[in-house]
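Here is the structure we will look at, set down as structure tokens.
Residue numbers (UniProt numbering): 1 to 455.
Set out below in structure tokens:
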């Protein structure tokens, strides 16, 4: 942390009403925020080494700042970072009772995956991946693993690249571990760090930690902005203790993860079935022709209009995914005209009402939410239907399509649903996504994990 961040934390915790004094700061170890690295610099918070990301702030004082992590507060080469080392007397012997208050039961495949993760805790040198289909119940599988670390007086962090995933996880973790202090940290004024047993945060917030956690879980490890972001990868590696364990979760591992598994750099297990035992819903491809033109001109006689009219008649909350924010807003306005009795909104990453709109859809106070890919992961709606409009867009790769498809059929009461890929030409990624879903269903059938009535 920077000095100002320590001051803000102290004020929020009511530990100190003034700037932290020398005695207080003496508890912390100090490192320079930015150091010389060859002919350039290196930021010791985000590990940025790109010469173009160190603009000159004051040429007379030879002062530069790191633009890569400036959203977390400006750091210059004149600043100092503070970190509080873990107390050496922290015992990892089993000395506490179970903290788990969750009363549910894991399915056979969930229990098996959980046991494999528990065994993996013994080897801190090798990360472990749980590759589970959307709706497999990854969160519940973590409960025994988290509980074992807590019983050993360890600290746990669950991080995700997506804010929406963190907001979805927090109440579930709090309900499962009611005896624990839980902190939600995602860079909003509403969230702040407090001493905790379990921290739920975005991966960006891990830039604030060093050797802090005995178990660090990265959920949706293949998602933007974590994917291919060296600073965030560095943050994850630094945040876990040398004796701690890294656990990765995803329904769509990328090529890097798949290669690491082949090279035995990480261990992994695959869960091809959802917790309720019904197969993944497979997509239907619907050709719409020039749907963008139909949208712009609001053509009543078009394939797009016919599809939208049908889609509006479906029961339950309805998601419409689009790659373009402008088109998403345009469609939401047209839908209000097409179906005036339905409540329709559009949502996107920088929408100030983003949280409220998602909550309204969950509470069935909205009928339709037109969204970008921000809701492709980590959110669950009962009896949800999904239309991916413009599924041919280059932004929608296999992983993205599989994740969006996974919003359908997640609840045991509503294991089926409508999943449509509206397009103006089938792409390779669309076929790969459909094949991935079918492959997982085949694997689940071969393992006997699907209900007989659905086979």
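C-beta atoms are modelled at their ideal positions from N, C-alpha and C, and glycine is treated no differently.
Counterpart residues of residue i in DSSP-defined beta bridges
i	result
residue 128	247 and 267
residue 344	368
residue 399	Residue 399 pairs with nothing; no bridge assigned.
residue 160	202
Three-state secondary structure assigned by DSSP to residue i
i	result
residue 115	helix
residue 37	strand
residue 408	coil
residue 166	helix
residue 63	strand
residue 274	coil
residue 322	coil
residue 259	helix
residue 203	helix
residue 426	coil
residue 29	strand
residue 43	strand
residue 226	coil
residue 219	strand
residue 180	coil
residue 76	strand
residue 145	helix
residue 242	strand
residue 175	helix
residue 194	coil
residue 102	coil
residue 133	coil
residue 89	The predicted position of residue 89 is uncertain, since its pLDDT is 44 and thus under 50; a value taken from the coordinates is nonetheless stated next. Coil, per DSSP.
Distance, residue j Cα to residue i Cα
i	j	result
residue 279	residue 269	19 Å
residue 429	residue 84	46 Å
residue 59	residue 37	18 Å
residue 203	residue 282	31 Å
residue 441	residue 167	29 Å
residue 310	residue 445	32 Å
residue 44	residue 385	45 Å
residue 427	residue 121	41 Å
residue 388	residue 182	36 Å
residue 334	residue 298	7 Å
residue 350	residue 342	24 Å
residue 171	residue 368	24 Å
residue 192	residue 73	15 Å
residue 178	residue 197	11 Å
residue 404	residue 79	43 Å
residue 155	residue 199	8 Å
residue 169	residue 139	8 Å
residue 307	residue 291	11 Å
residue 133	residue 252	8 Å
residue 163	residue 111	28 Å
residue 395	residue 331	18 Å
CB-CB length for residue i against residue j, believed under 8 Å
i	j	result
residue 244	residue 124	6 Å
residue 344	residue 355	18 Å between Cβ atoms; not a contact.
residue 176	residue 102	4 Å
residue 459	residue 131	Any answer about residue 459 is impossible in this case: the structure gives the chain only from 1 up to 455.
residue 106	residue 31	Their Cβ separation, rounded to whole angstroms, is 43 Å, which puts residue 106 and residue 31 out of contact at 8 Å.
residue 41	residue 64	6 Å
residue 305	residue 294	7 Å
residue 377	residue 165	6 Å
residue 450	residue 316	Rounded, the Cβ-Cβ distance is 23 Å, inconsistent with contact.
residue 173	residue 215	Not a contact, Cβ separation roughly 13 Å.
Check whether residue i and residue j have beta carbons under 8 Å apart
i	j	result
residue 240	residue 213	yes
residue 328	residue 370	yes
residue 128	residue 247	yes
residue 160	residue 220	yes
residue 390	residue 322	yes
residue 231	residue 46	yes
residue 69	residue 207	yes
residue 141	residue 113	yes
residue 383	residue 421	no
residue 136	residue 271	yes
residue 437	residue 402	yes
residue 34	residue 75	yes
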